[in-house]
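Down below is the structure, laid out as structure tokens.
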Amino acid sequence: MEYVVPEVTLHDGVTLPVIGLGTYRLKGAQGVEAIRGAIDERGYRLIDSAYNYENEGTVGEAIRQSSVPREEILVTSKLPGRYQEYEKAQTALQESLFRANLDYYDLYLIHWPNPKQDHYVEAWQALLDAKKQGLIRSIGVCNFLPEHLERLERETGIKPSINQIELHPFFNQAEQRAWHESNQIKTQSWSPLARANQLFQNKTLQQLADNYHKSVSQIVLRWHYQLGAISIPKSASPERQVENISIFDFSLDEADMKAISELTRPDGRLKNQDPAIYEEF
Ligand SMILES: NC(=O)c1ccc[n+]([C@@H]2O[C@H](COP(=O)([O-])OP(=O)(O)OC[C@H]3O[C@@H](n4cnc5c(N)ncnc54)[C@H](OP(=O)(O)O)[C@@H]3O)[C@@H](O)[C@H]2O)c1
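Count along the sequence shown starting at 1, add 6, and that's the number in the numbering used here.
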């Protein structure tokens, strides 16, 4: 069965499907099979990984085992906080490619800004140079606040194509999304299903699922899509992978979009990871 997923074009001309596969904790032979099956049998073409997930090898192997040509698959990885100084960033990216046994990443993101360390601009410069060398097609960031995004553009003249941020019904990021939109930066949602924590017990979402004859997960992923965000739900299960990518045959009306957005709370972050303070290495 074919799952046709709409695409979006980033400001640098790279085109991505609006749903990808998250891979946090997908590792080893089981991870390879989950990712290969997602590509070959369930229509996923965007695969999100990171140096720190220690699964770039798993992702690379799944791509090699898949029958879909490499150039039709979009692969993301991320630069860890401990390697943000210019030369360390260059070496880490090379190591990321060696681990995956790939010649290039489609998308490479700075994983966290770690503003107290004050190295994210050098990391950005290293990624800009790696892009010129053909090692990355599109470069972006994760968890950057507007002040960090503004500084990248001010100091290097180039802004990220994407900002991958925590985004789910309990933390809808309305202001940050609006800022991205007015600056031609695409929003990508991490933990789009709030890591299955409370989301599936929520009465409003369950009621909407009943009304639309869809699952809670499909309602929430459709909400991301209608917000204009690219989501990367992680699932190890073939059935749930199919469910998560099958959201293009219905639409939520405005009142229901609003009802979902209203589930947000100021303290709705899953682990209180405020990028102004939180650091990850
Ligand atoms: N940039 C960053 O800082 C950052 C941070 C966190 C995550 N990420 C990325 O974002 C991806 C997604 O976020 P996440 O993994 O934290 O959480 P998530 O995708 O919101 O949720 C994953 C959880 O939901 C379950 N699930 C998935 N589909 C389901 C369905 N249809 N019905 C019921 N349960 C379902 C999964 O279990 P099963 O596997 O058993 O289905 C898993 O426990 C990650 O894998 C990673 O690639 C990035």
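Glycine residues also receive a C-beta, built at the ideal position from the N, C-alpha and C atoms.
Quick one: is the Cβ of N149 within less than 8 Å of any heavy atom of ligand 1?
Result yes, Cβ under 8 Å from ligand 1.
Taking the beta strand (DSSP E) that T270 belongs to, which residues open and close that run?
Element bounds for T270: n/a, residue is neither H nor E.
Could you please give me the residues that DSSP links to Q170 through a beta bridge?
C148, Q194
Strictly under 9 Å for the Cβ-Cβ distance: is V38 near chain B by that measure?
Among the chains in the structure shown there is no chain B, since it carries only a single protein chain.
Please state if the CB of D112 and the CB of V20 are separated by a distance shorter than 9 Å.
In contact: V20 and D112 (Cβ atoms closer than 9 Å).
Do the region 166-176 and the region 140-156 meet, that is, are 3 or more Cβ pairs less than 8 Å apart?
Output reads yes: the region 140-156 touches the region 166-176.
Whose CA, out of T29, Q71, K264, I142, lies closest to the CA of D18?
I142
So the candidates are G63, L22, L227; which of them puts its Cα closest to the Cα of R246?
Out of G63, L22, L227, L227 has the C-alpha closest to the C-alpha of R246.
What are the start and end residues of the alpha helix (DSSP H) that includes T82?
Run containing T82: none in the alpha helix (DSSP H); it sits in the beta strand (DSSP E), 80-85.
When the distance is taken between beta carbons, is S237 closer than 9 Å to V65?
Note that the C-beta distance between V65 and S237 is not below 9 Å.
Can you tell me which of Q207, G234, L233 puts its alpha carbon nearest to the alpha carbon of S223?
Relative to the Cα of S223, the nearest Cα in the group Q207, G234, L233 belongs to Q207.
With a threshold of 8 Å (Cβ to nearest heavy atom), would F177 be considered close to ligand 1?
no
Apart from the five residues just before and just after I251, which ones in its own chain have a Cβ nearer than 7 Å to its Cβ?
Same-chain partners within the cutoff: Y9, V11, I25, R48, G49, Y50.
Do G37 and A56 have their beta-carbon atoms positioned less than 9 Å apart in this structure?
no
For S143, does the three-state DSSP call read helix, strand or coil?
The question names Ser, but residue 143 in the sequence shown is Arg. DSSP places R143 in strand when its eight states are reduced to three.
Taking the straight line between their C-alpha atoms, what separation do you get for K240 and L173?
14 Å
Determine the contact status of L276 and R201, defining contact as a CB-CB distance below 9 Å.
yes
Shorter than 8 Å, the distance from the beta carbon of E153 to the closest heavy atom of ligand 1, or not?
no
Would you please state the rounded distance, in angstroms, between the beta carbons of Y30 and Y59? I believe it to be under 8 Å.
5 Å
Which class does S237 belong to by DSSP, given the choice of helix, strand or coil?
If DSSP states are grouped into helix, strand and coil, S237 belongs with the strands.
Three or more beta-carbon pairs under 8 Å between the region 131-141 and the region 89-107, yes or no?
Three or more beta-carbon pairs drawn from the region 131-141 and the region 89-107 are found closer than 8 Å, and the two stretches are therefore classed as touching.
Could you tell me if K220 is buried or exposed, where buried requires 16 or more neighbouring beta carbons within 10 angstroms of its beta carbon?
Buried, because 16 or more other Cβ atoms sit within 10 Å of the Cβ of K220.
Between I45 and S72, is the Cβ-Cβ spacing less than 9 Å?
yes
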